[in-house]
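There are 2 protein chains.
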Amino acid sequence: MGARDILADWGVREFRVIDRAAIQEITLGASILATGGGGDPEIGLLWTYKVLDEGKEIVMVDPADIPDEIQVASPACLGAALVLTEKPPASEVINLAMRKLERYLGRPIQATIPIECGGVNSPVAYAAAGELGVPVIDVDGMNRAFPELQMTSWVTHGVHASPTVSVDDRGNVTVIDTGEDDLLAENLARRAAMAYGGISWIATYPMTGRDVKGSSILYSQSIAWAVGKAVMRARREHLDPIEELLKSLLRERGVEGFRAFKGKIVDIRREFGSETTKGFTLGKVIMEGIDEYRGHTAELDFQNEWLNLRVDGEVRCLPPDLIAILDSETGEPIRTDIMKYGYRGTIVLIPAHERMRTERGIELFGPRHFGYELDYVPVEELNG
Amino acid sequence: MGARDILADWGVREFRVIDRAAIQEITLGASILATGGGGDPEIGLLWTYKVLDEGKEIVMVDPADIPDEIQVASPACLGAALVLTEKPPASEVINLAMRKLERYLGRPIQATIPIECGGVNSPVAYAAAGELGVPVIDVDGMNRAFPELQMTSWVTHGVHASPTVSVDDRGNVTVIDTGEDDLLAENLARRAAMAYGGISWIATYPMTGRDVKGSSILYSQSIAWAVGKAVMRARREHLDPIEELLKSLLRERGVEGFRAFKGKIVDIRREFGSETTKGFTLGKVIMEGIDEYRGHTAELDFQNEWLNLRVDGEVRCLPPDLIAILDSETGEPIRTDIMKYGYRGTIVLIPAHERMRTERGIELFGPRHFGYELDYVPVEELNG
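These protein sequence lines are chains H and Z, in that order. Read in the working numbering, the first sequence has 136 at position 133, and its numbers run on one by one without any break. Read in the working numbering, the second sequence has 106 at position 103, and its numbers run on one by one without any break.
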């Protein structure tokens, strides 16, 4: 039985077939929305290409079309992106995690849902869907990337990460079942990743179709796809990729993004070594303005993702709103795990999805959660 | 169905009924063999008394009498004994761990096996057996206590800790399945305990009856019982408890123990705070000799258990051989988690069981494993 049979079973006749070009566009868009985190798109892409090259089909379904009672889950990588770059996955690891989750649940997984927009975790959900012969649903749990397992619209809408299965590439398995305690699930999953050597592959957030519709960021894949397409077109047609990106967001999500800065990286302070920093890419970056921003300074903190932007000491963006640093010519995102002194880029700010901006969302992944003594102020107010 | 029905099913007609007096003697003996670790016997005893007071029966069976194909497992506490003293268990936690292990295995657990000789983990295996209505088998995995999950005769004889279920008293569950990688199982189980707040309750070492016979320390419970009885009798009859203990060991195990020192604790250096010390009671103790040892100095390192004894700088006992510091009047063990400046005691050394002294055993829990640049020399040679 393949993904098309499952869709036929559900009475769904419309779906999108994801080919190499599509997954490339989706992954580019997702890595832009990943706000500096989400890992190396090459890793996720190569894996997805391999699945397609083996003749497996990948299809995406509209969340409005899925039955309420189906069982779905999210396949993902959890750990420090920096480690992942040195230790790319074997193709069996996510399959093992998904199979072990099915066994623990006593139910088969009938579709995958990406956990976030990220260079790794977006395509991984497609690759896993292709491997398992199930569809991908056009949703995710963030419409951005975030460093911790519990930082999802799923949790803010009452759906939990447990049970989560965490595996490594040697076939080791950890099943984490903490009921409604998603912070403890994150804590255990992070420790398992560290015990494995820095990186783990998880099958997480098992939920029903009803939960998907009630708690996900709906059409998150379409948004990433539109963003990726816009930037690709800009490259082909020599248009301003930042401009095309902002237009695509307005068209697809109805939200306005902001250009906040243009500059080059003049200082990077990475934090290593302490227990809290293990399992994350952590630190701070200073950018010196160029062109119309000459004489100004931008300062960004990061924990896998960009967290907070200050321009000339003034706060311009706070979590969960999105910060992307993009190459001004290509629109390619500059990532926290690989950025270097001298990199140049334009900082773009994007309002978080409304399902991430609930009171519970601000509590779980707003500024105070990340240690800032600041109330959350929406990015459109900070840049109005 | 109760433990007696299970035994009848196996065609076993001989077994020992464990009452309050028996469990008290076994636990005293086990806490002496626990070499300074193993936790507070009061915690394990109170739990076992409660099970008996509820009218549940606890019976112990000879390992020679169990069928080869039965499924057994070890219920235990894993974490820092110091935390346990502050956070005694709810009675449901071990049951939850055992039930979750049964579900993961897809087979019921038909008997319990204590993991070690310890004030907590010995009686816990009896309490769990009583709760579950299954017998305890007269074996364990160490015939002493040791700080880490993989430090068992089971591992040295090819039986593995996976799958291990780790739970906390709020009902959180972690299933650890690392195949033959017992060091990683320990690493994951230790991290789970830390995530839970320092203490976890585990169901571990699922194995068959055949494995029990081939890899356990056979009659470990009888040895602990004999030691406990001897010391109790010494107290009642005002005999030297150390003398009675050594005689009981010679009788029950056919091994000779040694009096190595008598003194009082004059310095305790505990290590806290670093990641490696979390989840353990770690440090070093200095004792000043009294009576015939006046003018001499003993130095002991500990990691939950006493690891290494040096008298006047000369090594006198190395792991896996046993070091006990016992109150000279009562035979009560002095534990690493509660010892204080000024405590007085006699140091007794006991050869480890031969199933712990294999080449693989010395590799897994000999001096070099604990960071000593020393080859293992049996305690009888060091004190010959």
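C-beta: ideal position from N, C-alpha, C; glycine also. Predicted model only: the values in this text are computed from it and were never measured.
Cβ separation of Leu36(Z) and Pro44(Z), assumed to be a contact under 8 angstroms, to the nearest whole Å: The pair is not a contact, with the Cβ atoms about 12 angstroms apart (cut-off 8 angstroms).
Just how far apart, CA to CA, sit Ala100(H) and Ala196(H)? 13 angstroms
Beta bridge counterpart(s) of Asn311(Z) as assigned by DSSP: DSSP lists Asp304(Z) as partners of Asn311(Z).
Buried versus exposed, by CB contacts within 10 Å (16 or more), Gly42(H): By the 10 Å Cβ count, Gly42(H) comes out buried.
Contacts of Asn190(H) in chain Z (Cβ-Cβ under 7 angstroms): Ala198
To the nearest angstrom, how far is the alpha carbon of Gly144(H) from that of Met342(H)? 26 angstroms
Assuming Ser219(Z) contacts Ala192(Z) under a Cβ cut-off of 8 angstroms, what Cβ separation, rounded to an integer in Å, is found between them? In fact, because the Cβ distance is near 20 angstroms, the residues do not count as touching under 8 angstroms.
Could you give the distance in angstroms between the alpha-carbon of Pro336(H) and the alpha-carbon of Leu377(Z)? 54 angstroms
Nearest by alpha-carbon distance to Arg173(H): which of Thr155(H), Asn190(H), Thr181(H) and Trp204(H) is it? Trp204(H)
Taking the beta strand (DSSP E) that Glu189(Z) belongs to, which residues open and close that run? Not the beta strand (DSSP E): Glu189(Z) falls in the alpha helix (DSSP H), residues Asp185 to Tyr199.
C-alpha gap between Thr279(Z) and Ser156(Z), whole angstroms: With a pLDDT of 48 at Thr279(Z), under the threshold of 50, the modelled position of this residue cannot be trusted; read the value that follows with caution. Each residue's Cα considered, the two are about 24 angstroms apart.
Residue from Arg110(Z), Met63(Z), Asp184(Z) and Asn190(Z) whose Cα sits closest to the Cα of Gly133(Z): The residue from Arg110(Z), Met63(Z), Asp184(Z) and Asn190(Z) with its alpha-carbon nearest to that of Gly133(Z) is Met63(Z).
Tell me, which residues are paired with Gly82(H) by DSSP? Ile202(H)
Within chain H, the residues that Asp184(Z) reaches when beta carbons sit closer than 8 angstroms: Arg173 and Asn175
Can you tell me the Cα-Cα spacing of Ser331(H) and Glu291(H), whole angstroms? 15 angstroms
Taking contact to mean 3 or more Cβ pairs, one atom from each stretch, closer than 8 angstroms, check whether the region 318-330 of chain Z and the region 339-355 of chain Z are in contact. yes
For a quick check, are the C-beta atoms of Pro126(Z) and Thr207(Z) less than 8 angstroms apart? Contact: no.
Three-state class that DSSP yields for Gln113(Z) in the structure shown: coil
Nearest chain Z C-beta to Arg297(H) closer than 8 angstroms, yes or no? Taking 8 angstroms as the threshold, the shortest C-beta distance from Arg297(H) to chain Z does not fall below it.
Ala76(H) touches chain Z at which residues, Cβ-Cβ below 7 angstroms? Under the 7 angstroms cutoff, chain Z gives no residues; its nearest Cβ is about 16 angstroms from Ala76(H).
So, for Leu252(Z): in the same chain, excluding its five sequence neighbours on each side, which residues have a beta-carbon less than 7 angstroms away from its beta-carbon? So the qualifying residues of the chain are Val230, Val258, Gly260 and Ile353.
Chain H contacts made by the region 102-136 of chain Z, where a contact means CB separation under 7 angstroms: none
Figure out for me which residue from Val382(H), His356(H), Tyr296(H) and Arg239(H) has the closest Cα to the Cα of Gly3(H). With chain H covering 4 to 387 only, the question about residue 3(H) has no answer from this structure.
For Thr167(H), the residue or residues it bridges with in DSSP: Ile179(H)
Flag Leu377(H) as yes if its beta-carbon sits less than 8 angstroms from any beta-carbon of chain Z, otherwise no. no
Since Arg360(H) contacts Gly39(H) with CB under 8 angstroms, what's their CB separation in whole angstroms? About 20 angstroms separates the two Cβ atoms, so there is no contact after all.
So the alpha helix (DSSP H) Thr51(Z) belongs to, where does it begin and stop? Pro44 to Asp56
Can you grab the Cα-Cα spacing for the pair Glu151(H) / Cys320(H), in whole Å? 19 angstroms
Helix, strand or coil for Tyr107(H) per DSSP? helix
Any chance the region 291-301 of chain H sits against the region 364-375 of chain H, with 3 or more Cβ pairs inside 8 angstroms? no
Could you pull the start and end residues of the alpha helix (DSSP H) that Met63(Z) belongs to? Where Met63(Z) is concerned, there is no enclosing alpha helix (DSSP H), although the beta strand (DSSP E) it sits in stretches over Val62 to Val64.
Measuring only between beta-carbons, confirm whether Ala6(H) sits less than 8 angstroms from chain Z. no
Classify Ser77(Z) as helix, strand or coil using the three-state DSSP reduction. strand
Simplified DSSP state of Glu28(H), which is helix, strand or coil: helix
Gly217(Z): first and last residue of the uninterrupted alpha helix (DSSP H) it sits in: Gly212 to Ser218
Nearer than 7 angstroms: is that true of the beta carbon of Lys103(H) relative to any heavy atom of the ligand ATP? Ligands displayed in this structure: none; no statement on the ligand ATP is therefore possible.
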